[in-house]
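Worksheet: the structure to be examined is printed underneath.
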């Protein structure tokens with residue numbers, strides 16, 4: 001068994017030592033660290049070369065001729081990895097020393113798993129834990145502990161948005177066969193692309209353990225804000241999610257309006273993704289999935305609130321709002 005790390009760097013001198021040291025200090029040692037540097041202009045390369053000199057059999061440094069940006073840089077790094085398991089790594093986090101061990105344990109317990117991700121703690125520039133009562137998952141509104149099990153990770157992805165942080169993900173080498181090229185557009189990154197594929201295949205698993213310390217930079221804008229406000233926001237989102245994931249039945253017209261608006265916004269997002277990339281079967285599956293959800297709640301709204309539904313539809317038609325393109329309407333399939 002060979003373990004690879006796909007490490008992408010760009011002007012990461014400030015935190016790179018801590019990240020690399022944490023990768024090298026694993027209870028199960030990694031066999032290779034494939035670095036793709038995206039045209040750094042600081043001391044990142046000199047730091048990497050120091051590690052390469054001490055660990056020549058592990059480090060393989062690739063310098064991009066042009067700036068590829070995050071998506072394509074990770075695509076390149078993953079493609080160059082030769083391991084059976086490929087851990088994705090940012091340049092500014094810190095791995096818990098048993099991250100590799102705990103992640104491989106999930107693979108061993110779930111033979112069908114092609115990807116495994118974990119939770120994490122949030123740290124600041126100094127490496128200090130912040131938002132002690134909240135985790136990395138909380139920052140992406142993935143309140144796993146408060147959601148009824150089992151969780152349909154695909155349904156949750158297309159309704160609530162991405163909850164998978166690439167920095168916490170490990171994939172089997174076989175994923176490389178079907179994950180390239182990465183589909184990209186603004187606000188659609190490699191981790192959401194991989195999540196879309198693996199959750200659709202039902203091969204994405206997770207551990208609730210906090211295996212990374214995810215660093216929030218001064219310049220980062222995750223919208224977490226004050227911890228008390230964060231907690232209030234969390235409670236509001238959880239209430240909404242219970243409706244979305246079908247543990248709470250929608251009743252009012254307001255509930256149905258919220259749900260149909262949500263699924264239509266997802267539909268528009270995936271259509272935009274299709275328009276900006278080469279056609280891919282997974283994109284059409286994403287589109288068809290959200291249409292299925294949209295249609296379900298649209299029909300329920302028509303049945304339970306017929307008068308308000310009629311006037312809403314008439315208004316939408318006049319303004320050209322919430323119109324599903326006929327090319328995407330297909331017979332219902334089992335997901």
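Numbering (full-length UniProt numbering), first residue to last: 1 to 335.
For every residue, glycine included, the Cβ atom is placed at its ideal position computed from N, Cα and C.
Here's the rule I'm using: 16 or more other beta-carbon atoms within 10 Å means buried, otherwise exposed. How should residue i be labelled?
| i | result |
| --- | --- |
| residue 114 | buried |
| residue 314 | exposed |
| residue 17 | exposed |
| residue 208 | exposed |
| residue 336 | It is not possible to answer for residue 336, since the shown part of the chain is limited to 1 through 335. |
| residue 55 | exposed |
| residue 124 | exposed |
| residue 166 | buried |
| residue 151 | exposed |
| residue 89 | buried |
| residue 145 | exposed |
| residue 221 | Caution is warranted here: a pLDDT of 33 is assigned to residue 221, below 50, making its placement in the model unreliable, and the coordinate value is therefore given only provisionally. Classification for residue 221: exposed. |
| residue 41 | exposed |
Could you say which of the options lies nearest to residue i if we only look at CA atoms?
| i | options | result |
| --- | --- | --- |
| residue 10 | 37, 202 and 31 | 37 |
| residue 280 | 93, 173 and 178 | 178 |
| residue 289 | 278, 46 and 268 | 268 |
| residue 161 | 88, 265, 175 and 249 | 265 |
| residue 87 | 137, 142 and 191 | 191 |
| residue 341 | 321, 122, 175 and 326 | There is no way to answer for residue 341, as the model of the chain reaches only from 1 to 335. |
| residue 327 | 308, 287, 294 and 303 | 287 |
| residue 339 | 317, 322 and 253 | Residue 339 lies beyond the range of the chain shown here (1 to 335); nothing can be said about it. |
| residue 82 | 144, 324, 175 and 295 | 175 |
| residue 157 | 263, 133 and 135 | 263 |
| residue 206 | 312, 303, 112 and 79 | 112 |
| residue 325 | 159, 312 and 295 | 295 |
Using beta-carbon positions only, say whether residue i and residue j come within less than 7 Å of one another.
| i | j | result |
| --- | --- | --- |
| residue 285 | residue 200 | yes |
| residue 259 | residue 297 | yes |
| residue 423 | residue 34 | Residue 423 lies beyond the stretch modelled for the chain, which goes from 1 to 335, so this question has no answer here. |
| residue 173 | residue 31 | no |
| residue 117 | residue 194 | no |
| residue 168 | residue 120 | yes |
| residue 62 | residue 13 | no |
| residue 213 | residue 93 | yes |
| residue 198 | residue 71 | no |
| residue 308 | residue 316 | no |
| residue 204 | residue 153 | yes |
Near residue i, which residues of its chain fall below 6 Å by C-beta distance, leaving aside the five closest residues on each side in sequence?
| i | result |
| --- | --- |
| residue 76 | 36 |
| residue 51 | 20 and 59 |
| residue 227 | The predicted position of residue 227 is uncertain, since its pLDDT is 44 and thus under 50; a value taken from the coordinates is nonetheless stated next. For residue 227, where only same-chain residues beyond five positions count, the Cβ hits under 6 Å are 131. |
| residue 96 | 211 |
| residue 256 | 250, 297 and 301 |
| residue 336 | Because the chain is modelled from 1 through 335, residue 336 falls outside the range shown and cannot be assessed. |
| residue 28 | 100 and 101 |
| residue 67 | 38 and 39 |
| residue 233 | Residue placement at residue 233 is poorly supported in this model, since its pLDDT is 49, which falls under 50; the coordinates are not used for a value here. |
| residue 8 | 36, 73, 74 and 77 |
| residue 15 | 92 |
Between residue i and the rest of its own chain, which residues show a CB-CB distance below 8 Å, the 5 nearest in sequence each way excluded?
| i | result |
| --- | --- |
| residue 283 | 183, 270, 273, 274 and 277 |
| residue 26 | 95, 97, 98, 99, 100 and 101 |
| residue 219 | Any reading at residue 219 must be qualified, since the residue scores a pLDDT of 43, below 50, and its modelled position is unreliable; the value itself is stated next. If we look at residue 219 and ignore the five residues flanking it on each side, it has no Cβ neighbours. |
Is it the case that the CB of residue i approaches a heavy atom of the ligand MG more closely than 6 Å?
| i | result |
| --- | --- |
| residue 40 | With respect to the ligand MG, the structure offers nothing, as it holds no ligand at all. |
Going by beta carbon distance, what residues of the same chain come within less than 7 Å of residue i, once the five residues before and after it are set aside?
| i | result |
| --- | --- |
| residue 181 | 75 |
| residue 142 | 163 |
| residue 47 | 13, 16 and 17 |
Practice problem: Count the C-beta pairs between the segment 185-195 and the segment 100-108 that are closer than 8 Å, then say yes if the count reaches three, no if not. | Solution: Output reads no: the segment 100-108 does not touch the segment 185-195.
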